[in-house]
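Below is one structure, written out as structure tokens, with a few remarks after it.
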Ligand SMILES: Cc1cc2nc3c(=O)[nH]c(=O)nc-3n(C[C@H](O)[C@H](O)[C@H](O)COP(=O)(O)OP(=O)(O)OC[C@H]3O[C@@H](n4cnc5c(N)ncnc54)[C@H](O)[C@@H]3O)c2cc1C
Ligand SMILES: Cc1cc2nc3c(=O)[nH]c(=O)nc-3n(C[C@H](O)[C@H](O)[C@H](O)COP(=O)(O)OP(=O)(O)OC[C@H]3O[C@@H](n4cnc5c(N)ncnc54)[C@H](O)[C@@H]3O)c2cc1C
Ligand code: SF4
Ligand code: SF4
Ligand code: FES
């Protein structure tokens, strides 16, 4: 169905927040799910996580980075204009339940957006939420206020030390572990390298670590197999079996390789686009 | 009686050398004189064997007699009594295994070109762009939800709308048509001229089509019936789940399921990249694994996208190819290289995450098994590498579990297909019917349509009883 853009906000260079009118989807969406959209007739189908939803107002919030042709096309839409196709909610919802205990929610870069509804859900369910937000520098850090409001404790890390702890999200995670905090579950969403390093850090500690994967997708319904990832030695389709998986079982190198499948053609299509932030995995 | 030709009138076709590089339709269709001449070959048998081979029992001698008499409106009306998508079936039915297989003329020579005549009648009607008169629905007309806009769902919807029910089709993709839109390529089944027109006609009739709705995710069947006010539901979600071979290297870059390969090309129009934004990487040498229609379509698509060498790798022999005979023939004419009696065992990497070669083992046919089919056995030590940079896996599709897994009370078998009554298409859940590939496993367009028709009749009976008529 079509979906009208209601509000558009530039959060930081090339990072947009859209509120979109999609009441049927807003009614059904749960944290962890995503939509697939196609801006116009010639457009590609691209997946974006539902960063927030308002069932009363019937809106879905998307937070996306302009990295290539399709996200640039989306970024050109102005309030009042319509997205031609808007499908969702897709994928499995996050396992949010009371009584998990202490949950550490880690978001890196744009990955903070999808972590937000999960962290909020965990808090509402009565769990203790410690959040770690990572960004390259202070200027591109997003959603600090929102995350602060729903976290029992919050850590911020920047690669260059321009704000919060200097270092990576794993630096903050180590601090939490070192002070003897008992962690029951970790959610880590962000660039592949970030998720991989979190997973490597938690593996020896035996803490269940959930990651959200973003392979290239087409239909989002399990029909094409484009989104396949190896989890626990088995091929899974991220669009229907995921996008969340147990991070300790994910083959991240395989995922990275598959994400690059179209890099050359995409570059040809959009060679004038500044490639900073490409693929969210640097 | 004049002597009749033993052979069918040939189908005018694009030259293989030219058509291997374009997406225009390969078979051009009979003109009027050829059609009438071909119709004259039909003996108008008293006990027409041809009809026993048609899954929906089209009155074949009836419509052919009308073509002979140049009553084309009469011909198409006769066909449409039992087949609502003749322009599609005339093009894609495996006629050699169905109607034409049983035609009496086939005993001595070639059967009547039933499919070609069906296509002729249908195309002629389409070209006239006849006004469709919209149905007038009663205020209290009962509502039926159809899940999936493939041939099964479209047929069921059309029949129910004509009976006065308010019908809404929910389709997961952004375009209706099912395999007709995303799977079968343009050069075999033109989208704008045929598929879109058929769908537009249904909408003119009064069928509502809601694309971009994944049932099971946005609504469950229970919600459709309890909250959205639908009195009955038909599930026609097809066989959309691609099978892989489970051999090493299948997740390398350059390996596609046929569904992905064809969807990118047909639905997303990657052949017009970058005007259309979806990319499709083809490479120079492509191996397509499988021997059915899907494999032929993928191979011929790869050629048209510019691949220099395209192989079909199939583990059985020529006679066992499950594809329509015409498709295999066309593929060969266009230059597809058939590597029969070969089975892939591994996809080899170039060390950088991309495909370098497909390793195969040679097969030989053993003794016939109980089913009479000779099963292939590997020849020890015969492995070899086919140098390719793209591999397309076309070894079959299974049922997508999204709907079944969210519908308590609707039984599936151990393969995941929905269990439905053969005659009524009723599932084990009251008010819910199912048909097409989701029930039978991957089959044919005409079987899916036939199921849609049966289901429409059964839903009508069910709803009549429900309203106490
Ligand atoms: C489940 C899921 C949720 C996502 N959520 C978000 C989000 O909330 N915010 C956000 O900014 N991004 C998100 N992404 C990534 C987003 O889909 C891609 O950035 C977008 O598709 C890029 O398209 P492009 O044409 O602008 O860039 P391109 O230049 O075409 O591609 C840049 C990179 O994006 C990836 N990509 C390209 N096409 C696709 C595709 N069809 N599907 C998936 N990835 C693709 C590839 O890795 C590619 O190398 C998500 C991806 C997935 C799978
Ligand atoms: C490449 C290819 C070539 C073929 N060639 C031939 C041929 O030459 N001749 C022939 O007779 N047959 C051919 N077939 C087989 C034939 O196309 C199928 O048997 C037929 O299309 C089945 O019809 P269907 O209506 O059951 O399902 P489909 O055509 O598969 O349609 C199902 C529809 O349901 C939608 N759907 C699925 N899940 C959901 C959901 N949860 N919510 C909403 N919608 C949903 C799908 O998106 C799809 O549009 C071919 C198949 C393929 C893939
Ligand atoms: S519908 Fe198919 S099988 Fe039946 S008569 Fe037409 S072409 Fe033959
Ligand atoms: S069997 Fe052949 S000749 Fe006889 S009616 Fe059918 S098409 Fe005509
Ligand atoms: S995107 Fe096609 S199967 Fe997941």
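Protein chains in written order, with this note's numbering: chain U, 1 to 282; chain V, 283 to 751.
We put the beta carbon where it would ideally sit given N, CA and C, even for glycine.
Note that the structure is predicted; figures quoted are calculated from it, not measured.
Beta carbon of residue 264 of chain U: closer than 7 Å to some heavy atom of ligand 1?
Result no, Cβ not under 7 Å from ligand 1.
Would the beta-carbon of residue 589 of chain V fall within 8 Å of that of residue 567 of chain V?
Yes; because the gap between Cβ atoms is below 8 Å, this pair is in contact.
Check whether the Cβ of residue 38 of chain U lies closer than 8 Å to any Cβ atom in chain V.
It does; some Cβ of chain V falls within 8 Å.
Name, please, each residue of chain U whose Cβ falls closer than 9 Å to the Cβ of residue 526 of chain V.
Within 9 Å Cβ-Cβ: 225, 228 and 235.
If residue 595 of chain V sits next to residue 556 of chain V, beta carbons under 8 Å apart, how far is it from one beta carbon to the other, in whole angstroms?
Contact doesn't hold; Cβ gap of about 31 Å is too wide.
The alpha helix (DSSP H) with residue 575 of chain V in it runs from where to where?
Element bounds for residue 575 of chain V: 575 to 586.
Using a Cβ-Cβ distance cut-off of 8 Å, determine whether residue 303 of chain V contacts chain U.
It does not: the Cβ of residue 303 of chain V has no partner Cβ on chain U nearer than 8 Å.
Taking only the alpha-carbon atoms, compute the straight-line gap between residue 531 of chain V and residue 189 of chain U and give it to the nearest angstrom.
Cα-Cα distance, rounded: 27 Å.
Take residue 409 of chain V as the anchor and find which of V:369, V:468 and V:332 has the nearest alpha-carbon.
Checked all of V:369, V:468 and V:332; the closest Cα to residue 409 of chain V is V:369.
Give the C-beta separation of residue 1 of chain U and residue 494 of chain V to the nearest angstrom, bearing in mind that I take them to be a contact with Cβ-Cβ under 8 Å.
That belief holds up - the Cβ atoms of residue 1 of chain U and residue 494 of chain V are roughly 5 Å apart, short of 8 Å.
Using 10 angstroms around the beta-carbon of residue 274 of chain U, count the other beta-carbons present and answer buried if the total reaches 16, otherwise exposed.
Summary for residue 274 of chain U: the model assigns pLDDT 38, below 50, so the residue's position carries little reliability, and this model does not support an answer.
What first and last residue would you give for the alpha helix (DSSP H) that runs through residue 433 of chain V?
From DSSP, the alpha helix (DSSP H) with residue 433 of chain V extends over 433 to 444.
Report the residue from V:513, V:698 and V:540 whose alpha carbon sits nearest the alpha carbon of residue 749 of chain V.
It is V:513 whose Cα lies nearest to the Cα of residue 749 of chain V.
Helix, strand or coil: how does DSSP classify residue 89 of chain U here?
Three-state DSSP puts residue 89 of chain U in a strand.
Residue range of the beta strand (DSSP E) that residue 469 of chain V falls in?
Premise fails: residue 469 of chain V is in no beta strand (DSSP E) and is neither H nor E.
Using only alpha-carbon positions, find the residue among V:491, V:461 and V:649 that is nearest to residue 719 of chain V.
Measuring from the Cα of residue 719 of chain V, the nearest candidate turns out to be V:461.
Does residue 280 of chain U get closer than 8 Å to chain V when you measure Cβ to Cβ?
Only weak support is given to the placement of residue 280 of chain U: the predicted model assigns it a pLDDT of 38, under 50, and the value that follows is read from those uncertain coordinates. Closer than 8 Å: no.
Just checking: is the beta-carbon of residue 87 of chain U within a distance shorter than 8 Å of some beta-carbon in chain V?
With 8 Å as the cut-off, residue 87 of chain U counts as an interface residue toward chain V.
Would you list the residues sitting across from residue 591 of chain V in a DSSP beta bridge?
Partner(s): V:567.
Roughly how many angstroms separate the alpha carbons of residue 658 of chain V and residue 223 of chain U, rounded to a whole number?
Computed Cα separation, rounded: 29 Å.
For the region 312 to 371 of chain V, list the alpha helix (DSSP H) runs that are entirely contained and at least 4 residues long, ordered along the chain.
Counting only runs of 4 or more, we get 314 to 321, 331 to 335, 342 to 350 and 354 to 362.
Do residue 403 of chain V and residue 358 of chain V come within 8 Å of each other at the CB atom, strictly closer than that value?
Yes, they are a contact pair.
Establish whether the CB of residue 563 of chain V and some CB of chain U are separated by less than 8 Å.
Yes - at least one Cβ of chain U is within 8 Å of the one on residue 563 of chain V.
Tell me whether residue 325 of chain V counts as near ligand 4, meaning its Cβ is closer than 7 Å to at least one heavy atom of that ligand.
Residue 325 of chain V Cβ: within cutoff of ligand 4.
Compile a chain-ordered list of the residues in the region 34 to 58 of chain U whose CB is closer than 8 Å to at least one CB of chain V.
Flagged, chain order: 38, 42, 43, 44 and 45.
Helix or strand or just coil, what does DSSP make of residue 545 of chain V?
Three-state result, residue 545 of chain V: helix.
If you measure from the beta carbon of residue 575 of chain V to each beta carbon in chain U, is any gap under 8 Å?
So no, residue 575 of chain V is outside the interface.
Which residues, in chain order, sit with a beta-carbon under 6 Å away from any heavy atom of ligand 5?
Any residue whose Cβ sits closer than 6 Å to a heavy atom of ligand 5 makes the list: U:217, U:218, U:219, U:220, U:222, U:223, U:224, U:225, U:226, U:227, U:237 and U:239.
Buried or exposed: which applies to residue 671 of chain V, given that a residue is buried once 16 or more other Cβ atoms fall within 10 Å of its Cβ?
So residue 671 of chain V ends up on the buried side.
Look up residue 108 of chain U in the DSSP assignment and say whether it is helix, strand or coil.
Correct three-state label for residue 108 of chain U: strand.
Measuring straight from C-alpha to C-alpha, what distance separates residue 290 of chain V and residue 398 of chain V?
Approximately 10 Å between the Cα atoms of the pair.
Taking just the CA atoms, how far does residue 32 of chain U sit from residue 153 of chain U?
Cα to Cα, the separation comes out at about 22 Å.
By a C-beta neighbour count over all protein chains shown, 10 Å radius and 16 as the cutoff for buried, is residue 634 of chain V buried or exposed?
Exposed, by the Cβ-count rule.
Rounding to the nearest angstrom, what Cα-Cα distance links residue 272 of chain U and residue 79 of chain U in this structure?
Because the pLDDT of residue 272 of chain U is 37, which lies under 50, any placement of that residue in the model is unreliable, and the question is left without a value.
Short of 7 Å in beta carbon distance, which residues of its chain neighbour residue 277 of chain U, apart from the five on each side in sequence? Order them along the chain.
Legend: pLDDT at residue 277 of chain U = 38, less than 50; position of this residue unreliable, no value from coordinates given.
Helix, strand or coil for residue 645 of chain V per DSSP?
Strand.
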